[in-house]
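Okay, so here's the structure we're looking at.
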Amino acid sequence: MWYRIFGRSEAGVPPDVLAEHLHAVGLPVEPHFRGDDLGWTSGEFRLPGLNTPVSIDRYLAAADDIRDDLNTHAAVLETCDYSPNNGRLMEHVALTKQLIVLRKPLDAINEVTLEKLLLEVCQFLCMHIDGVYQIDGQGWFEANGTLVLQEY
């Protein structure tokens, strides 16, 4: 399952700032990140009690070829005319400057802790990069966790 964060800001959140936040909410992650001159590009979170790390990747619209992916997400949102929020979300996706993708491991031992980690990362990053997030099979969410478009 995939968790995607669509940020309208190009600002990068340093991995140590994200890790400090996760530690403060009781998630003692070990962050392992890689990057380039534009900031971090990928990494993973290792957490005691989880047998599989959570991977995270960051793509910048100005530097990476993600426009087709963003257009695909916008096209799917266009079909969600059952929601009054689909137009606003389509616009948000069109203005996305960075896409951050987390992969939920299928074989995690502690599902509750894993879910807490994924949601904390999504919500924290959304607040810092003017973002919304999408979870496969669930829907689209505001930075505060409010569901704004249910996926069916």
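Going by the working numbering, the sequence shown opens with residue 919, and the numbers climb by one from there. Every residue gets a Cβ at the ideal spot worked out from N, C-alpha and C, and that includes glycine.
Of the residues the options, the one placed nearest residue i, counting alpha carbons only
i            : options                : result
residue 929  : 1022, 1016, 1053, 1035 : 1016
residue 958  : 931, 993, 1027         : 931
residue 1012 : 1022, 1038, 1050, 1043 : 1050
residue 1053 : 1045, 983, 1047, 1033  : 1033
Residue i, buried or exposed, once every other Cβ within 10 Å from all chains shown has been counted against 16
i            : result
residue 972  : buried
residue 1026 : buried
residue 944  : exposed
residue 925  : buried
residue 1030 : exposed
residue 933  : buried
Terminal residues of the beta strand (DSSP E) in which residue i lies
i            : result
residue 1031 : Looking at the DSSP string, residue 1031 is not in any beta strand (DSSP E); the run it does join, the alpha helix (DSSP H), is 1029-1046.
residue 1052 : 1049-1053
residue 1057 : 1057-1059
residue 1017 : 1016-1021
residue 1024 : Looking at the DSSP string, residue 1024 is not in any beta strand (DSSP E), and its letter there is neither H nor E.
Distance, residue j Cα to residue i Cα
i            : j            : result
residue 1069 : residue 954  : 35 Å
residue 997  : residue 1007 : 12 Å
residue 941  : residue 1066 : 28 Å
residue 970  : residue 947  : 12 Å
residue 1057 : residue 939  : 25 Å
residue 985  : residue 935  : 28 Å
residue 1059 : residue 960  : 23 Å
residue 992  : residue 949  : 31 Å
residue 978  : residue 1044 : 15 Å
For residue i, the first and last residue of its enclosing alpha helix (DSSP H)
i            : result
residue 1005 : 1004-1012
Counting only runs of 4+ residues fully inside the segment 921-999, write out the alpha helix (DSSP H) ranges in chain order. Complete alpha helix (DSSP H) runs here, min 4: 933-942, 985-996.
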